[in-house]
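Working notes, structure below.
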Amino acid sequence: MSLLSLKDVRVQFNTSGGVVRAVNGVSLDLAVGETLGLVGESGCGKSTLGKAIMKLVPVAGGEIVVEGVDIAPLNREQLTDMRRKVQMIFQDPYGSLNPRSTVGRSVAQPMVLAGWKANATAERVETLLRWVGLPSDAKQRYPHEFSGGQRQRIGIARALALSPKLIICDEPVSALDVSVRAQVINLLEDLKSQFGVSYLFISHDLSVVEHIADRVAVMYLGMLFEVGGRDQIWRDPRHPYTKALLAAAPIANPKLARARQRTVLQGELPSPLNPPPGCPFNSRCPLAQDRCRAEKPVLRPVGNGAQAACHFV
Amino acid sequence: MQRFEFLGRFSRNRGALVGACLILVVALMAAFASVFFPTDPLRIVGMPELWPGEDPEFPLGTDSLGRDILSMIVHGARATLLIGLFASAVATLIGVSVGAAAGYFGGWVDEIGMRVAELFQTIPNLIFVLTIVVILGSTLTNIVIAIGIVSWTPIARMTRAEFLSLRDREFVQACRSMGMSDLRIIVSEILPNALPPVIVLSSLVVAGAILFESAVSFLGLGDPNVASWGRLVGDGRQLIRSSWYICAIPGIAIMITVLCLNLVGDGLNDALNPKLRDR
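Going down the list, the protein sequences come from chains A and B. Start counting the first sequence at 1; every next residue gets the next number (my numbering). Start counting the second sequence at 314; every next residue gets the next number (my numbering).
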């Protein structure tokens, strides 16, 4: 049984300009102990999908199954059990901690809400801060006294508080300096090997995802275009969008960079208010034909163990 | 650490420092009124209409009935400050509750809360206070409640604006993702962050409340058992041509106190909203 299983998840927002389908029928499985990288351009709905799994945004349709329980229809009280299993690390380490709470209080919150005794909570806070490599006197201090990387560690400590099985990492290193990024990623990997926690790692930074993910899902305008093992996706991308995305990532070695063939995408990401009919990528796709403008592709196996949503691969 | 920073920023504003000191003097006066003047201030103690300085026993003179004005001012400080503080507390309580609910929940809660606030804002404040006092009766409690009822709208708007900007911040989402209840998020997470500008506004409402109470008392609708400054002004108004000091002395006391409260409000604004200071 997979830890997390999404079936045709939909999220939509009613705006003054019309209905935005931020997540438009996403199906995905995440196994125990696995790190799944979710990549895509800004505005493609990857963060919204993460928030939908946390029930931070209303789910318009589909199933979100955590260890066999569909959490989509549950209310706040019924979600208590799931809250222990699934936690989230946020993008902005400056915004994700209450500026008027001490670090100790912020990290202790999950235990307090779970009804732990005061001394057990204090002990747990000490342990968590040690795990993420912060001095234990950090708990009396306020978030503004810490650097971005340290604050992200505080956020990680808080997410780990109740030993979750899955942590949704919403761009956890995007706001950090490159030097600090590596430290935080290494910390996440250490915690994974130590506690067997799974990650849904949302990022637009392909090099980070290549480093940390076991499997990768590529998202575009609210739907998945390609899902597969990291090596398959990197070595043998099938979907034209994945190809273009990987070609756009910089390569450190200039010889390799010059040698590679690049498909450069034309145009902008279409407005999610008014996506093109059929395949949402048809306005920018080099392979697009009439069928793409009429019929929406679905994910199907493409031979190398990966799945892609394209009529012509 | 944070305390000292706060005091440092506050005292950098000279006006606020002076204001705070004078308010402290008035507050001490109010607290120790019965030590300085153990007798009832409304008792007739000397000749009527003695000008200030005429009789060393009554440095600020006596009123039309021969009551000691200094004693009445000192005792009146108590009533005036208490009315200001409690009215502001009532206004803050209503304003923060309505504003927090409107800002946090949005949607129809917001609609209703803000429409009600607008309804209150369309009625001229003083007329509204007088109407409530006339209906409920002229007791101190009713005056305090009436002033609170007309003064909550700016606080509600300010609180709502703060909540609107805070409710989608990631730390609030983090709390929601832990399954924290809405009430707890509002009270223990968002409110401490929303309070600084609200405190500034509340301190200004204290000043406004003192003025309202003075106006009510001046018009003769004040609590007859309480010697507030506004009532002293009102009592002296028949003699304003001959013995104008009877009105002027409590009037100056009101003016100085309200001015100081405004200065303190500005100082609090500087100290609590450091980002806006250099604007």
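We put the CB at the ideal spot given by N, CA and C, even for glycine. Just so it is clear, the structure is predicted and the values come from calculations on it, not from any experiment.
Going by CA-CA distance only, name the one from the options that's closest to residue i.
i: PHE433 of chain B; options: B:SER464, B:ALA561, B:LEU394; result: B:SER464
i: ALA315 of chain A; options: A:ILE89, A:SER207, A:PRO164, A:ILE212; result: The first residue shown for chain A is 1 and the last is 313, placing residue 315 of chain A beyond what the model contains.
i: VAL577 of chain B; options: B:ARG322, B:LEU320, B:ARG325, B:ALA329; result: B:ALA329
i: VAL23 of chain A; options: A:VAL218, A:TYR241, A:LYS255; result: A:VAL218
i: ASP503 of chain B; options: B:VAL457, B:ILE565, B:VAL358, B:ASP481; result: The amino acid occupying residue 503 of chain B in the given sequence is Ile; Asp does not appear at that position. Considering only alpha carbons, the answer is B:ASP481.
i: LEU221 of chain A; options: A:GLU268, A:ASP231, A:PRO280; result: A:PRO280
i: LEU524 of chain B; options: B:MET360, B:PHE323, B:LEU398, B:PHE319; result: B:LEU398
i: GLU145 of chain A; options: A:ALA159, A:TYR94, A:VAL57, A:TRP131; result: A:TYR94
i: LEU30 of chain A; options: A:VAL66, A:ASN304, A:PRO277; result: A:VAL66
i: PRO240 of chain A; options: A:GLN87, A:ARG284, A:LYS117; result: A:ARG284
i: ASP205 of chain A; options: A:ASP236, A:VAL57, A:VAL197, A:ILE251; result: A:ILE251
i: CYS292 of chain A; options: A:ALA309, A:ARG300, A:PRO301, A:ARG230; result: A:ALA309
i: PRO228 of chain A; options: A:LEU74, A:ALA306, A:PRO164; result: Looking at the sequence provided, one finds Gly at residue 228 of chain A rather than Pro. The shortest C-alpha separation from GLY228 of chain A is found at A:ALA306.
i: VAL86 of chain A; options: A:GLY115, A:PRO110, A:GLY104; result: A:PRO110
i: ILE396 of chain B; options: B:ILE567, B:GLU431, B:VAL500; result: B:ILE567
i: SER101 of chain A; options: A:LEU299, A:GLU268, A:TYR142, A:LEU28; result: A:TYR142
i: GLN486 of chain B; options: A:ILE89, A:LYS296, A:PRO270, A:VAL313; result: A:ILE89
i: LEU479 of chain B; options: B:GLY416, B:GLY420, B:ILE512; result: B:GLY416
Who are the near neighbours of residue i in its chain, counting only those whose CB is closer than 8 Å to its CB and skipping five residues on each side?
i: LEU355 of chain B; result: ARG380, MET385, ALA540
i: SER555 of chain B; result: GLU362
i: ILE185 of chain A; result: VAL173, VAL208, HIS211, ILE212
i: ALA79 of chain A; result: Rather than Ala, the amino acid found at residue 79 of chain A in this sequence is Leu. Same-chain partners within the cutoff: LYS55, ILE71.
i: VAL107 of chain A; result: VAL125, LEU128, LEU129, LYS139, ILE154, ALA157, ARG158, ALA161
i: SER47 of chain A; result: GLN91, ASP170, GLU171, ILE202
i: VAL59 of chain A; result: VAL9, ARG10, VAL11, ALA52, ALA72
i: GLN551 of chain B; result: SER377
i: VAL112 of chain A; result: THR121
What residues from chain B crowd round residue i, counting only those whose CB sits closer than 9 Å?
i: THR48 of chain A; result: None at all; the shortest Cβ gap to chain B is about 12 Å.
i: MET219 of chain A; result: Those within 9 Å of MET219 of chain A in chain B number zero; the least Cβ separation is about 20 Å.
i: PHE201 of chain A; result: Simply none; closest approach about 17 Å.
Which residues in chain B have a C-beta closer than 7 Å to the C-beta of residue i? List them in chain order.
i: ALA95 of chain A; result: First, the residue type needs correcting, since residue 95 of chain A is Gly and not Ala in the sequence shown. Per Cβ cutoff of 7 Å: ARG482, GLU483, PHE484.
i: GLN140 of chain A; result: The contacting residues do not exist; GLN140 of chain A stays about 11 Å from chain B at best.
i: PHE146 of chain A; result: Within 7 Å Cβ-Cβ: nothing; PHE146 of chain A doesn't reach chain B, min ~14 Å.
i: GLN194 of chain A; result: Correct list: empty, because the minimum Cβ distance to chain B is about 22 Å.
In its own chain, which residues sit with a C-beta less than 7 Å from the C-beta of residue i, not counting the 5 before and 5 after it?
i: SER401 of chain B; result: SER515, VAL518, VAL519, ALA522
i: ARG590 of chain B; result: Residue confidence for ARG590 of chain B is low, a pLDDT of 44 falling below 50, so the modelled location carries little weight; the figure read from the coordinates is stated next. Taken in chain order, the residues that qualify are ASP583.
i: ARG592 of chain B; result: Because the pLDDT of ARG592 of chain B is 40, which lies under 50, any placement of that residue in the model is unreliable, and the number read from its coordinates should be weighed accordingly. Cβ within range, chain order: n/a, list empty.
i: VAL442 of chain B; result: ALA459, ILE460, VAL463, PHE525, VAL529
i: ALA175 of chain A; result: GLN91, ASP92, PRO93, GLY148
i: LEU265 of chain A; result: ALA244, ARG284
i: VAL33 of chain A; result: The residue asked about is misnamed: residue 33 of chain A is Gly in this sequence, not Val. So the list reads GLY196, SER198, once near-sequence residues are dropped.
i: ASN282 of chain A; result: PRO276, ALA288, CYS292, ARG293
i: PHE319 of chain B; result: ALA584
i: ASP579 of chain B; result: ASN326, GLY328, ALA329
i: PHE317 of chain B; result: none
i: ILE562 of chain B; result: LEU373, ILE382, ILE386
For a contact meaning CB atoms closer than 9 Å, what does residue i contact in chain A?
i: ASN506 of chain B; result: ASN98, PRO99, ARG100
i: ALA520 of chain B; result: Chain A residues near ALA520 of chain B: none, gap ~27 Å exceeds 9 Å.
i: CYS334 of chain B; result: Here the premise fails: no neighbours, minimum Cβ distance about 29 Å.
What does a CB cutoff of less than 6 Å around residue i pick up in its chain, not counting 5 residues either side in sequence?
i: TYR199 of chain A; result: THR35, ILE167, CYS169
i: VAL19 of chain A; result: GLN12
List, in order along the chain, the chain A residues whose C-beta lies closer than 8 Å to that of residue i?
i: ARG550 of chain B; result: Ordered by position in chain A, no residue passes the 8 Å Cβ test against ARG550 of chain B, which lies about 49 Å from the chain.
i: GLU502 of chain B; result: ASN98, SER101
i: ILE540 of chain B; result: At residue 540 of chain B the sequence reads Ala, which differs from the Ile that was named. Going along chain A, no residue has its Cβ under 8 Å from ALA540 of chain B, so there is no contact; the nearest lies around 42 Å.
Using a C-beta to C-beta distance shorter than 7 Å, which residues of chain A count as neighbours of residue i?
i: MET491 of chain B; result: ARG83, GLN109, PRO110, LEU113
i: ALA474 of chain B; result: The premise fails here: ALA474 of chain B is roughly 18 Å from chain A at the closest Cβ pair, so nothing lies under 7 Å.
Which residues in chain B sit within 8 Å of residue i, going by Cβ to Cβ distance?
i: GLN152 of chain A; result: Neighbours of GLN152 of chain A on chain B: none; closest Cβ ~12 Å, over 8 Å.
i: PHE225 of chain A; result: Chain B residues near PHE225 of chain A: none, gap ~27 Å exceeds 8 Å.
i: ASP190 of chain A; result: Near ASP190 of chain A there are no residues of chain B at all, since even the closest Cβ is about 22 Å away, more than 8 Å.
query = Does the region 151 to 167 of chain A come close enough to the region 492 to 503 of chain B that 3 or more CB-CB pairs lie under 8 Å?
reply = With the cut-off at 8 Å, the region 492 to 503 of chain B and the region 151 to 167 of chain A do not touch.
inquiry  = Taking beta-carbon pairs under 9 Å, can you tell me which members of the region 56 to 82 of chain A lie near chain B?
reply    = So the list reads LEU56, ARG76, GLU77, LEU79, THR80, MET82, given in the order they occur along the chain.
key: At least three beta-carbon pairs within less than 8 Å, the region 472 to 483 of chain B to the region 495 to 512 of chain B   = Enough Cβ pairs lie closer than 8 Å, so yes.
ask   = According to a CB-to-CB cut-off of less than 8 Å, which residues of the region 109 to 136 of chain A neighbour chain B?
value = Flagged, chain order: GLN109, PRO110, LEU113.
task = For the region 407 to 440 of chain B, enumerate the residues whose C-beta is nearer than 7 Å to any C-beta of chain A, in chain order.
result = Of all residues in the region 407 to 440 of chain B, none has a Cβ within less than 7 Å of some Cβ in chain A.
Cβ contact check for the region 317 to 334 of chain B and the region 562 to 575 of chain B: 3 or more pairs under 8 Å = The way I'd put it, the region 317 to 334 of chain B does touch the region 562 to 575 of chain B; three or more beta-carbon pairs between them come closer than 8 Å.
query = Taking three-plus beta-carbon pairs below 8 Å as touching, is the region 251 to 266 of chain A in contact with the region 333 to 352 of chain B?
reply = The answer is no - the region 333 to 352 of chain B does not touch the region 251 to 266 of chain A, with fewer than three Cβ pairs under 8 Å.
ask   = Quick one: any contact between the region 529 to 538 of chain B and the region 445 to 454 of chain B, if contact means 3 or more CB pairs under 8 Å?
value = Contact between the region 529 to 538 of chain B and the region 445 to 454 of chain B is present, because at least three Cβ pairs lie under 8 Å.
query = Any residues in the region 569 to 580 of chain B with a beta carbon nearer than 9 Å to a beta carbon of chain A? Which ones, in chain order?
reply = Shown here is that no member of the region 569 to 580 of chain B has a Cβ falling below 9 Å from a Cβ of chain A.
Sufficient close CB pairs (3 or more, under 8 Å) joining the region 343 to 352 of chain B to the region 363 to 377 of chain B = No, the region 343 to 352 of chain B is not in contact with the region 363 to 377 of chain B.
query = Going along the region 8 to 28 of chain A in order, which residues come within less than 8 Å of chain B, judged by CB to CB distance?
reply = Those residues of the region 8 to 28 of chain A that come within reach of chain B (Cβ to Cβ, closer than 8 Å) do not exist; the list is empty.
query = Looking at chain B, which residues of the region 268 to 295 of chain A have a Cβ within less than 8 Å of any of its Cβ atoms?
reply = Per Cβ criterion, the list is empty.
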